[in-house]
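Number of protein chains: 2
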Amino acid sequence: MATRKKNSTYSRNENIIIECDLTYAVNKIGGRWKILILSKLEEKKMRFSELKKEFDYITERMLTLQLRALEQDGLVKRTVYAEVPPRVEYELTEMALEFGPIFKQLSAWGGKHRNSAKKDVA
Amino acid sequence: MATRKKNSTYSRNENIIIECDLTYAVNKIGGRWKILILSKLEEKKMRFSELKKEFDYITERMLTLQLRALEQDGLVKRTVYAEVPPRVEYELTEMALEFGPIFKQLSAWGGKHRNSAKKDVA
DNA sequence: TACGGTACTAACAAACGTGTAAGTAATGGC
DNA sequence: GCCATTACTTACACGTTTGTTAGTACCGTA
Numbered sequence: 001m002a003t004r005k006k007n008s009t010y011s012r013n014e015n016i017i018i019e020c021d022l023t024y025a026v027n028k029i030g031g032r033w034k035i036l037i038l039s040k041l042e043e044k045k046m047r048f049s050e051l052k053k054e055f056d057y058i059t060e061r062m063l064t065l066q067l068r069a070l071e072q073d074g075l076v077k078r079t080v081y082a083e084v085p086p087r088v089e090y091e092l093t094e095m096a097l098e099f100g101p102i103f104k105q106l107s108a109w110g111g112k113h114r115n116s117a118k119k120d121v122a
Numbered sequence: 123m124a125t126r127k128k129n130s131t132y133s134r135n136e137n138i139i140i141e142c143d144l145t146y147a148v149n150k151i152g153g154r155w156k157i158l159i160l161s162k163l164e165e166k167k168m169r170f171s172e173l174k175k176e177f178d179y180i181t182e183r184m185l186t187l188q189l190r191a192l193e194q195d196g197l198v199k200r201t202v203y204a205e206v207p208p209r210v211e212y213e214l215t216e217m218a219l220e221f222g223p224i225f226k227q228l229s230a231w232g233g234k235h236r237n238s239a240k241k242d243v244a
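Going down the list, the protein sequences come from chains A and B. Take the first sequence: its letters are residues 1 to 122, numbered as in my numbering. Take the second sequence: its letters are residues 123 to 244, numbered as in my numbering.
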């Protein structure tokens, strides 16, 4: 997601798949940490170090990568303050805020079926 | 997604992440082909070979894996007819049908921002 | 001069997802 | 007997994502 693409079928298929609006959207929020980050930022803008504290098992590298990808995709806005211990704040863009209601529904779906999945099978 | 998990931080983080209803939901539809498959099956139940024709760059292996995962997650129902050239039909479960409206919104989001992304940046 | 704090980056390694190619079973038609 | 058809499975290899560890720049403070 943040690295270069190689040739071969892997990428060829990727291109085909991205043709789909739905897949396009889901890809933007896919990955291990993106949704969690977006959820946090939905509440309020946060600094790098604050985000890091929220998910204390994420590494700085991963947090950086995910934030970069989100920024690249226009979902978060990054603001750097030229201070001495650096200060960088991240906040959602309008585009990302539009995910809000969708996230709520997905979350509701998850909550509903995560619990029932323990008993049912189909 | 269809393979066994190993130990180490990779899996440890996965567990932490799955605590979130939202991530739980998105993980069910993540992966390269799942959404496309679900979209197709939303229209009507289909045979393995029909699905294969729909996405002609998917390999049989991938299609099988994705369908198995979806079945495991309770999103598709698999029906085998004991005929001579085998016939297997796949259809969505109720659980999966509940994704319908959410998919529509995600798709709309994708359509909207996929086009504007070509001009804008933030 | 050494030290601490913030927000990173680089080089490397492990785990996972995806693709390739070939092979399987069952049976009806030739 | 031999082939075709369907829905797979297996063994292997590639490519990507994620994690590990160490290091960077900046400047104010001690």
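Here a beta-carbon is modelled for each residue, glycine too, at the ideal position from N, C-alpha and C.
- request: Quick one: using the 10 Å Cβ neighbour count with 16 as the cut-off for buried, is LYS156 (chain B) buried or exposed?
  value: Mapped onto the second sequence, residue 156 (chain B) falls at position 34. When all chains shown are included, LYS156 (chain B) counts as buried.
- request: Please go through the same chain and pick out, in chain order, the residues whose beta-carbon is closer than 8 angstroms to the beta-carbon of TYR81 (chain A), but skip the five residues on each side of it.
  value: Taking the first residue of the first sequence as 1, we reach residue 81 (chain A) at position 81. The residues ARG87, VAL88, GLU89, in chain order, have a CB closer than 8 angstroms to that of TYR81 (chain A) in the same chain once the five nearest residues on each side in sequence are set aside.
message: Taking 8 angstroms as the threshold (C-beta atoms), are LEU158 (chain B) and CYS20 (chain A) in contact?
response: On the first sequence, residue 20 (chain A) is found 20 positions in, with the first residue counted as 1. On the second sequence, residue 158 (chain B) is found 36 positions in, with the first residue counted as 1. Judged by beta-carbon spacing, LEU158 (chain B) lies within the 8 angstroms limit of CYS20 (chain A), meaning their Cβ atoms are closer than that value.
- prompt: When the Cα atoms are used, what is the spatial distance from ARG4 (chain A) to VAL206 (chain B)?
  reply: Counting from one through the first sequence, the residue named residue 4 (chain A) turns up at place 4. Counting from one through the second sequence, the residue named residue 206 (chain B) turns up at place 84. Because the pLDDT at ARG4 (chain A) is just 43, under 50, the model does not fix this residue reliably, and the value given afterwards should be weighed accordingly. Roughly 47 angstroms between the two C-alpha positions.
query: According to the neighbour-count rule (16 or more other Cβ atoms, all chains shown, within 10 Å of its Cβ), is GLY222 (chain B) buried or exposed?
result: The count along the second sequence starts at 1 and reaches residue 222 (chain B) at position 100. Per the 10 Å Cβ criterion, exposed.
Under 7 angstroms from the C-beta of GLN125 (chain A): neighbouring residues of chain B: For chain A, the structure presents residues 1 to 122; residue 125 (chain A) sits outside this window and is missing.
field: For THR9 (chain A), the three-state DSSP class (helix, strand or coil)
entry: Your numbering for residue 9 (chain A) matches position 9 in the first sequence. DSSP places THR9 (chain A) in helix when its eight states are reduced to three.
query: Could you check where the beta strand (DSSP E) with THR79 (chain A) kicks off and where it finishes?
result: Here residue 79 (chain A) refers to the residue found at position 79 when the first sequence is read from its first residue. Per DSSP, THR79 (chain A) is one residue of the beta strand (DSSP E) stretching across 76-81.
message: Measuring only the C-alpha atoms, how far is SER229 (chain B) from GLU213 (chain B)?
response: Locating residue 229 (chain B) in the second sequence gives position 107, where the first residue counts as 1. Locating residue 213 (chain B) in the second sequence gives position 91, where the first residue counts as 1. Going by C-alpha positions, SER229 (chain B) is about 21 angstroms away from GLU213 (chain B).
- prompt: Alpha carbon to alpha carbon, what distance is there between THR131 (chain B) and ARG169 (chain B)?
  reply: Position 47 of the second sequence holds residue 169 (chain B). Position 9 of the second sequence holds residue 131 (chain B). C-alpha separation (whole angstroms): 39 angstroms.
- prompt: Looking at C-alpha atoms only, which residue of B:SER133, B:LYS174, B:ALA218 is the closest neighbour of VAL198 (chain B)?
  reply: In the second sequence, the residue the question calls residue 198 (chain B) occupies position 76. Taking VAL198 (chain B) as reference, the option from B:SER133, B:LYS174, B:ALA218 with the minimal CA-CA separation is B:ALA218.
message: Looking only at its chain, what residues have a beta carbon closer than 8 angstroms to the beta carbon of ARG78 (chain A), apart from the 5 residues adjacent to it on each side?
response: Counting from one through the first sequence, the residue named residue 78 (chain A) turns up at place 78. The answer, listed in chain order, is LEU67, GLU71, VAL88, GLU89, TYR90.
message: Strictly under 8 angstroms for the Cβ-Cβ distance: is GLU98 (chain A) near chain B by that measure?
response: In the first sequence, the residue the question calls residue 98 (chain A) occupies position 98. Judged by the 8 angstroms Cβ criterion, GLU98 (chain A) is in contact with chain B.
message: Considering only their Cβ atoms, is the gap separating ILE102 (chain A) from TRP88 (chain B) smaller than 8 angstroms?
response: The shown model of chain B, from 123 to 244, leaves out residue 88 (chain B), and the question about it has no answer.
- prompt: Hey, is SER130 (chain B)'s beta-carbon within less than 8 angstroms of any beta-carbon in chain A?
  reply: The residue labelled residue 130 (chain B) in the question sits at position 8 within the second sequence. Chain A has no Cβ within less than 8 angstroms of the Cβ of SER130 (chain B).
- request: Flag ALA82 (chain A) as yes if its beta-carbon sits less than 8 angstroms from any beta-carbon of chain B, otherwise no.
  value: For the purposes of this step, residue 82 (chain A) is identified with residue 82 of the first sequence, where counting begins at 1. At least 8 angstroms separates the CB of ALA82 (chain A) from every CB of chain B.
- prompt: Should ASN149 (chain B) be labelled buried (16 or more other beta-carbon atoms within 10 Å of its own) or exposed?
  reply: On the second sequence, position 27 is the one that residue 149 (chain B) refers to. So ASN149 (chain B) ends up on the buried side.
- prompt: ASN135 (chain B) and ARG32 (chain A) look like a contact to me (Cβ under 8 angstroms); what is the Cβ gap, rounded to whole Å?
  reply: As a working note, residue 135 (chain B) is residue 13 in the second sequence. As a working note, residue 32 (chain A) is residue 32 in the first sequence. With a Cβ gap of about 7 angstroms, ASN135 (chain B) and ARG32 (chain A) count as contacting.
- prompt: Excluding five sequence neighbours on each side, which residues of the same chain lie with their C-beta closer than 7 angstroms to the C-beta of LEU163 (chain B)?
  reply: Position 41 of the second sequence holds residue 163 (chain B). Setting aside the 5 residues that flank it on each side, LEU163 (chain B) is surrounded in the same chain by VAL198, TYR212, GLU213, LEU214, each with a C-beta closer than 7 angstroms to its C-beta; the list follows chain order.
- request: Count the other C-beta atoms from every protein chain shown that fall within 10 angstroms of the C-beta of THR181 (chain B), then say buried if there are 16 or more, exposed otherwise.
  value: Residue 181 (chain B) sits at position 59 when you count from the first residue of the second sequence. Of the residues assessed, THR181 (chain B) falls on the exposed side of the cut-off, its CB having fewer than 16 other CB atoms within 10 angstroms.
query: Is the CB of TYR90 (chain A) under 8 angstroms away from at least one CB in chain B?
result: In the first sequence, the residue the question calls residue 90 (chain A) occupies position 90. With 8 angstroms as the cut-off, TYR90 (chain A) does not count as an interface residue toward chain B.
- prompt: Since VAL88 (chain A) sits in a beta bridge, which residues does DSSP pair it with?
  reply: As a working note, residue 88 (chain A) is residue 88 in the first sequence. Answer is A:VAL80.
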